[in-house]
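Structure, as structure tokens:
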Amino acid sequence: GAVDSDIKTFKTRNSMVDIQAETEKNLTVSTKLQADVLSTESQLEMSKFIKEYLNDPQKENSLIPATGFGNNATTSSLATQIAAYNDLLLRREKLLHNSSENNPIIQQLDANRTKRFRIRFSQQRRNRILLHVVRLISFLTS
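Take the position in the sequence shown, starting the count at 1, then add 1332; the result is the number in this note's numbering.
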């Protein structure tokens, strides 16, 4: 009651802090910062890997790995672009399994992809993803 109130008043007047409360607060902040640093480092390493992967000519028509990105708007957008690219590549490959590049259905699919994403399917789409990854690396290292 009155004693606790007097102690609180005394601490306030003399600008005293509660050491235990401040320690717990600082520990919580420190733990969150460590988690943020680890997350950023993971995103950076994944971004560098994806950049190298996209620049590898042998992987030009391969699916793009899309794991290890965080949940912020930038990485979510990148993951969405990669998922869309991979989905279209898988559909195209499934059709090609029983056909050829000259099949009118595949040609129509390629034309539809161009309309749908307003860019050509293969290299231009990969270049857009690569640009996104380069920007993410720049952001994460700044």
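All residues carry an ideal CB built from backbone N, CA and C; glycine is no exception.
Under 8 Å by Cβ, that's how I've got residue i and residue j pegged, so tell me the actual separation to the nearest angstrom.
i       : j       : result
Leu1427 : Ile1414 : The Cβ separation is near 21 Å, so there is no contact.
Gln1375 : Thr1407 : 6 Å
Residues in its own chain within less than 7 Å of residue i by CB, not counting five upstream and five downstream?
i       : result
Tyr1385 : Lys1391, Ile1396 and Pro1397
Given a threshold of 16 other Cβ atoms within 10 Å of its Cβ, counted over all protein chains shown, does residue i qualify as buried or as exposed?
i       : result
Leu1468 : buried
Ile1339 : exposed
Ile1351 : exposed
Leu1410 : buried
Arg1345 : exposed
Roughly how many whole angstroms lie between the Cα atoms of residue i and residue j?
i       : j       : result
Ser1362 : Asp1336 : 30 Å
Lys1383 : Val1465 : 6 Å
Asn1387 : Ser1379 : 12 Å
Asn1358 : Thr1412 : 36 Å
Leu1370 : Ser1474 : 15 Å
Glu1433 : Asn1459 : 22 Å
Met1348 : Asp1368 : 31 Å
I'd like the list of long-range same chain contacts for residue i, defined as Cβ closer than 6 Å, with 5 residues on each side in sequence excluded.
i       : result
Thr1372 : Leu1472
Which same chain residues, not among the five before or five after residue i, have their C-beta less than 8 Å away from its C-beta?
i       : result
Leu1463 : none
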